[in-house]
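Student: One structure, pasted below without further comment.
2 protein chains.
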Amino acid sequence: MTTERPAVGGRTARRPYPKGVARRAQILQTALEVFAAEGDRKASLREIAERVGLTTTGVLHYFGSREDLFLAIIDERDHEATAEAEGTEDPLAAILRTVRHNMGVPGLVRLYVAMTAAAPDPGHPAGPYFARRYGQLHEAISAGVAFMQADGRARDDLSADTLARLLVAAVDGVQLQWLVNPDIDMVEVVDALVTMITSPPQ
Amino acid sequence: MTTERPAVGGRTARRPYPKGVARRAQILQTALEVFAAEGDRKASLREIAERVGLTTTGVLHYFGSREDLFLAIIDERDHEATAEAEGTEDPLAAILRTVRHNMGVPGLVRLYVAMTAAAPDPGHPAGPYFARRYGQLHEAISAGVAFMQADGRARDDLSADTLARLLVAAVDGVQLQWLVNPDIDMVEVVDALVTMITSPPQ
DNA sequence: GTCTATATCCCGATAGAC
DNA sequence: GTCTATCGGGATATAGAC
């Protein structure tokens with residue numbers, strides 16, 4: 004694995020010119036704002052371009068397609084989150100931190116859910132992206148849980164593999180409920196699972 | 004609660020004429036087929052209408068909009084599933100049965116996920132629908148879990164409320180992973196959660 | 001009640017000029 | 001690196017035929 008940035012976000016990734024990177028960042032920021040405020044259907048390229056002060060083609064110059072643009076937002080935020088959680092001893096604590104953080108950024112969660120749902124669609128750029136993403140996430144969490152099992156800090160009557168999948172599923176799934184009903188305390192729900200995993204079986 | 008069918012699927016729900024109900028069913032069936040085979044983006048009103056032998060407006064006569072059409076599919080399948088799970092003693096077993104069944108209908112799961120993701124979008128008809136749906140589902144499962152707790156068949160150090168949310172989250176979330184990576188055994192993952200809920204804490 | 005024709009509008013994407 | 005022009009596709013409202 005290299006530190007090379009993946010080519011998710013368009014053809015200008017190589018040798019970025021100062022003006023270009025600023026525009027790029029501005030477009031990403033604006034697109035997220037529009038999506039958060041108006042939703043998927045209203046967040047058209049035209050609307051976003053207008054707010055940035057460009058035409059649709061201007062936006063498409065930086066991101067190959069509308070789908071690529073939204074995927075680039077997810078990709079960027081993912082890099083931040085992954086970097087922050089890197090090298091944590093307790094993966095369960097890291098997950099709870101993430102969930103708590105997510106409760107403060109509903110728009111981003113909405114976008115994330117929309118991309119996840121679109122990923123299985125044949126030909127959608129999010130497909131390969133999420134396959135890789137889920138793979139890495141699962142590997143990291145599974146390894147962390149296995150470590151805790153070896154230390155006796157997690158129950159070992161269930162495989163680390165399955166528990167890792169369950170953790171990811173719980174986080175993703177509770178977000179679906181939370182988006183429809185914001186009164187739900189996501190941390191409380193995920194914390195219940197963490198409790199069950201860390202309390203030994205009889 | 005009456006047995007009256009909700010008005011989810013169009014204005015012709017009252018006093019259905021034989022020809023109309025047949026067409027309606029045919030459209031629902033075809034729409035699901037196209038969605039399962041081609042995905043959300045290719046499943047346009049035109050494509051569906053063509054296969055049924057109608058024009059787009061012909062389809063729109065039965066369902067007010069494309070979104071309403073897809074929501075009607077979910078609604079119909081939900082009625083079947085709910086009726087089947089009705090009056091089950093063990094809600095956990097019912098959930099596992101549903102998950103096992105879902106592994107045989109990936110197209111429907113894809114549609115379900117797509118609708119769930121679209122639900123938080125402002126103005127989307129799936130919004131109110133899923134709010135109600137999640138409410139009913141949660142109430143039913145929560146009550147069932149509480150019953151099991153009273154019988155000593157489920158751990159009671161965590162609230163039935165939270166466990167119910169966690170169960171629904173796990174089912175929804177594991178589907179997201181499964182759609183991107185069909186090798187995952189959804190039953191195994193959800194069963195792990197069931198095991199933890201039914202095994203008493205130390 | 002069932003359905004078509006038409007007309008309009010918005011969208012994403014491409015080609016090519018500057 | 002950005003715009004103009006344009007294309008094809010898709011959603012939807014109305015009028016009216018059967």
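Line by line, the protein sequences give chains A and B.
The first sequence begins at 4 in this note's numbering and counts up by one.
The second sequence begins at 4 in this note's numbering and counts up by one.
Note that the Cβ used here is the ideal one computed from N, Cα and C, for glycine as well.
In this text the structure is predicted, and so the values were computed from the model without any measurement.
Select from Tyr115/A, Met106/A and Ala120/A the residue whose C-alpha is nearest the C-alpha of Leu111/B.
Tutor: As a first step, residue 111/B must be located in the second sequence, where it is residue number 108. Minimum Cα distance to Leu111/B is reached at Ala120/A.
Student: For His127/B and Ala75/A, I'd like the C-alpha separation in whole angstroms.
Tutor: As a first step, residue 127/B is located in the second sequence; it is residue number 124 there, counting from the start. As a first step, residue 75/A is located in the first sequence; it is residue number 72 there, counting from the start. C-alpha separation (whole angstroms): 25 Å.
Student: What does Pro3/B pair with, by DSSP beta-bridge criteria?
Tutor: No answer is possible for residue 3/B: the residues shown for chain B start at 4 and end at 205.
Student: Using the rule of at least 16 other Cβ atoms within 10 Å of the residue's Cβ for burial, across every protein chain shown, is Pro9/A buried or exposed?
Tutor: As a first step, residue 9/A is located in the first sequence; it is residue number 6 there, counting from the start. Bear in mind that the predicted position of Pro9/A carries a pLDDT of just 42, short of 50, making it too unreliable to give a figure here.
Student: Hey, does Ile187/B have any beta-carbon neighbour from chain A nearer than 9 Å?
Tutor: Looking up residue 187/B in the second sequence gives position 184. Yes, contact with chain A.
Student: Taking only beta-carbon atoms, is Gly138/A less than 9 Å away from chain B?
Tutor: For this step, residue 138/A is matched to residue 135 along the first sequence. Yes - at least one Cβ of chain B is within 9 Å of the one on Gly138/A.
Student: When you check each C-beta in the segment 142-163 of chain A against every C-beta of chain B, which residues fall closer than 7 Å?
Tutor: Leu161
Student: Cα-Cα, which of Ala195/A, Ile30/A and Asn105/A is closest to Ser162/B?
Tutor: Numbered from 1 along the second sequence, position 159 holds the residue referred to as residue 162/B. That would be Ala195/A, whose Cα lies nearest to the Cα of Ser162/B.
Student: Check for me: the alpha helix (DSSP H) holding Ser145/A runs from which residue to which?
Tutor: Counting from 1 along the first sequence, the entry for residue 145/A is found at position 142. Annotation for Ser145/A: the continuous alpha helix (DSSP H) segment containing it runs Ala129 to Asp154.
Student: Is Val37/B close to chain A, meaning its C-beta is less than 9 Å from at least one C-beta of that chain?
Tutor: Residue numbering aside, residue 37/B sits at position 34 when the second sequence is read from its first letter. No, no contact with chain A.
Student: Check whether chain A comes within 9 Å of Pro203/B, counting only Cβ atoms and requiring the distance to be less than that.
Tutor: Walking along the second sequence from the start, residue 203/B turns up at place 200. At least one chain A Cβ lies under 9 Å of Pro203/B.
Student: Name the chain A residues that come within less than 7 Å of Asn105/B, Cβ to Cβ?
Tutor: Residue numbering aside, residue 105/B sits at position 102 when the second sequence is read from its first letter. Those do not exist, as Asn105/B stays about 13 Å from chain A at its closest Cβ, beyond 7 Å.
Student: So, using beta-carbon positions, are Ile77/B and Ala134/B closer together than 9 Å?
Tutor: Residue mapping note: residue 77/B aligns to position 74 of the second sequence, counting from 1. Residue mapping note: residue 134/B aligns to position 131 of the second sequence, counting from 1. No. Outside cutoff.
Student: Taking C-alpha atoms, which residue in Val108/A, Thr101/A, Leu72/A and Pro94/A lies nearest to Ala40/A?
Tutor: Against the first sequence, residue 40/A aligns to sequence position 37. Closest option to Ala40/A, Cα to Cα, is Val108/A.
Student: Let me know the secondary structure DSSP gives Val116/B once reduced to three states.
Tutor: Sequence index remark: in the second sequence, residue 116/B carries index 113 (1-based). When DSSP states are grouped into helix, strand and coil, Val116/B belongs to the helix group.
Student: For a quick check, are the C-beta atoms of Asp175/A and Asp124/B less than 9 Å apart?
Tutor: On the first sequence, residue 175/A is found 172 positions in, with the first residue counted as 1. On the second sequence, residue 124/B is found 121 positions in, with the first residue counted as 1. Not closer than 9 Å, so no.
Student: What does a CB cutoff of less than 6 Å around Arg54/A pick up in its chain, not counting 5 residues either side in sequence?
Tutor: Reading the first sequence from its first residue, position 51 is the one you call residue 54/A. Cβ neighbours of Arg54/A within its own chain (closer than 6 Å, five residues either side excluded): Thr33.
Student: Is it true that the CB of Phe66/B sits closer than 9 Å to the CB of Met118/B?
Tutor: As a working mapping, residue 118/B is identified with position 115 in the second sequence. As a working mapping, residue 66/B is identified with position 63 in the second sequence. No; because the gap between Cβ atoms is not below 9 Å, this pair is not in contact.
Student: Val192/B versus chain A: which residues are under 7 Å apart at the beta carbon?
Tutor: Within the second sequence, numbered from 1, the residue matching residue 192/B stands at position 189. Within chain A, the residues near Val192/B are Thr165, Arg168, Leu169 and Ala172.
Student: I want to see whether chain B comes within less than 9 Å of Thr198/A, judged by CB atoms only; does it?
Tutor: As a first step, residue 198/A is located in the first sequence; it is residue number 195 there, counting from the start. Answer yes: the Cβ-Cβ gap between Thr198/A and chain B drops below 9 Å somewhere.
Student: Quick one: which residues of the segment 111-131 of chain B get their C-beta closer than 8 Å to a C-beta of chain A? List them in chain order.
Tutor: Arg113, Val116, Ala117, Thr119, Ala120, Ala121, Ala122, Pro123, Asp124, Pro125, Gly126, His127 and Gly130
Student: Would you check if the distance between the CB atom of Ala173/A and the CB atom of Leu63/B is smaller than 9 Å?
Tutor: For this step, residue 173/A is matched to residue 170 along the first sequence. For this step, residue 63/B is matched to residue 60 along the second sequence. Not closer than 9 Å, so no.
Student: Does DSSP put Phe38/A in a helix, in a strand, or in coil?
Tutor: Within the first sequence, residue 38/A is the residue found at index 35, counting from 1. Phe38/A: helix per DSSP, three-state reduction.
Student: Please name the residues in the segment 60-71 of chain B whose beta-carbon is closer than 8 Å to at least one beta-carbon of chain A, in chain order.
Tutor: none
Student: Quick one: grab the DSSP three-state call for Pro123/A.
Tutor: In the first sequence, counting from the first residue as 1, residue 123/A sits at position 120. DSSP places Pro123/A in coil when its eight states are reduced to three.
Student: Beta carbon of His141/A, beta carbon of Ala122/A: below 9 Å?
Tutor: Taking the first residue of the first sequence as 1, we reach residue 141/A at position 138. Taking the first residue of the first sequence as 1, we reach residue 122/A at position 119. Going by C-beta atoms, His141/A is not nearer than 9 Å to Ala122/A.
Student: Cα separation between Trp181/B and Ala96/B?
Tutor: Against the second sequence, residue 181/B aligns to sequence position 178. Against the second sequence, residue 96/B aligns to sequence position 93. Cα-Cα distance, rounded: 20 Å.
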